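**Student:**
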Amino acid sequence: MKRKMILPLLAVMVFATGCGKSESGIEATPSDGVVSSGETGEVSQDSATDSGDDTSLEDNSEAYKKAYLEAAESLKEDYDVDNLKFSFIDFDGDDTPELLANVGGAYSLYTYENGAIRCLMDQWPFGAGGNLGYQYAPGKGILRNDGNPYYGAFYYSTFLSKHEEGELESDYTVTEYHFDDKDGDGYPSDEELENFSEMEVYKTEYTCDNGENLSEDQIKEKIDVYETYTYEDFDASLSYDELIKELS
163 MKRKMILPLL
173 AVMVFATGCG
183 KSESGIEATP
193 SDGVVSSGET
203 GEVSQDSATD
213 SGDDTSLEDN
223 SEAYKKAYLE
233 AAESLKEDYD
243 VDNLKFSFID
253 FDGDDTPELL
263 ANVGGAYSLY
273 TYENGAIRCL
283 MDQWPFGAGG
293 NLGYQYAPGK
303 GILRNDGNPY
313 YGAFYYSTFL
323 SKHEEGELES
333 DYTVTEYHFD
343 DKDGDGYPSD
353 EELENFSEME
363 VYKTEYTCDN
373 GENLSEDQIK
383 EKIDVYETYT
393 YEDFDASLSY
403 DELIKELS
């Protein structure tokens with residue numbers, strides 16, 4: 163994140179350095195789906211299309227399951243299996259679910275696209291330093307991270323999404339100041355914290371974190387749209403053995 167006061171999310175981004183050996187180069191092998199008519203020797207276009215779609219979907223299903231198994235096995239090698247919990251979520255709205263893993267108090271998120279696994283979150287921590295955790299908008303491809311660092315002197319919501327490659331990146335942030343930042347340095351001093359109130363908002367900032375040249379009003383418009391989405395909390399409840407059964 164580019165806002166210097168949002169320390170918890172900065173910590174998240176420091177942890178998010180890649181997925182190491184959990185990545186896989188598995189490629190799906192679609193069928194051409196060509197079907198002969200028999201009597202005439204002509205190709206039935208409807209049959210070709212239907213057969214190709216069915217085979218492709220089946221191949222993709224087997225490929226992503228195998229890739230997710232490898233990711234889970236890689237996590238199991240490094241962590242106590244009792245500290246691993248999993249679930250499947252619909253993050254981006256395609257036909258393939260995403261794999262969510264709770265790794266002893268941090269989240270990893272995997273998707274399968276273009277014939278390979280991609281790590282969207284690599285053990286991102288939560289619950290410390292004012293980081294309240296993560297929510298996602300099902301099918302929208304948007305992650306929301308809320309926090310209230312400095313004992314609630316700030317309240318922020320950051321919205322993240324997939325970019326061309328790598329992990330999720332921060333796009334926009336709205337930050338409420340619940341203290342009077344008299345010196346304008348963006349941090350609450352001891353004096354400024356003496357009388358701050360979580361019920362009072364002194365200032366609200368809208369910032370763009372992805373390099374787009376947008377005015378604050380334009381950023382606010384984008385955030386207003388994101389805030390109309392329905393969000394769900396991350397909830398990983400499957401044990402490792404239960405995950406294996408689901409993927410087998």
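The sequence shown begins at 163 in our numbering and counts up by one. Note that CB positions come from ideal geometry on N, CA and C, so glycine has one too. Because the structure is a prediction, the values reported are computed rather than measured.
1. Which whole-angstrom value is the C-beta distance of T258 and N222, which I expect to be below 8 Å?
2. Please classify V363: is it buried, with 16 or more other beta-carbons within 10 angstroms of its beta-carbon, or exposed?
3. Do the stretch 333-344 and the stretch 315-322 make contact, defined as three or more Cβ pairs closer than 8 Å?
4. On the DSSP bridge list, what partners appear for T392?
5. In the DSSP assignment, what are the bridge partners of Y317?
6. Just list the beta strand (DSSP E) runs in the stretch 261-285, keeping only unbroken ones of 3 residues or longer that don't cross its boundaries, in chain order.
7. On the DSSP letters alone, give me the boundaries of the beta strand (DSSP E) that L294 sits inside.
8. For F248 versus S410, is the C-beta distance shorter than 9 Å?
9. Please report how far the alpha carbon of D308 lies from the alpha carbon of L355, in whole angstroms.
10. For T390, does the count of other Cβ atoms within 10 angstroms reach 16, so buried, or fall short, so exposed?
11. Would you give the residue range spanned by the beta strand (DSSP E) that Y402 belongs to?
12. Can you have a look at N264 and say buried or exposed, based on whether 16 or more other CB atoms are within 10 angstroms of its CB?
**Tutor:** Concretely, from the data shown:
1. T258 to N222, Cβ: 7 Å. Contact.
2. A residue is called buried when at least 16 other Cβ atoms come within 10 angstroms of its Cβ; V363 does not meet this threshold and is exposed.
3. The stretch 333-344 vs the stretch 315-322: in contact.
4. Answer by DSSP bridge pairing: none, since T392 is not bridged.
5. For Y317, which the question treats as bridged, DSSP gives the partners E338.
6. List check, beta strand (DSSP E) in window: 268-275.
7. In the DSSP assignment, L294 falls within the unbroken beta strand (DSSP E) covering 293-299.
8. Against a cut-off of 9 Å, the Cβ pair of S410 and F248 comes out as no contact.
9. The straight-line gap from Cα to Cα measures roughly 21 Å.
10. With fewer than 16 other Cβ atoms within 10 Å, it is exposed.
11. Y402 -> not in any beta strand (DSSP E); alpha helix (DSSP H) instead, spanning 402-409.
12. Under this definition N264 is a buried residue.
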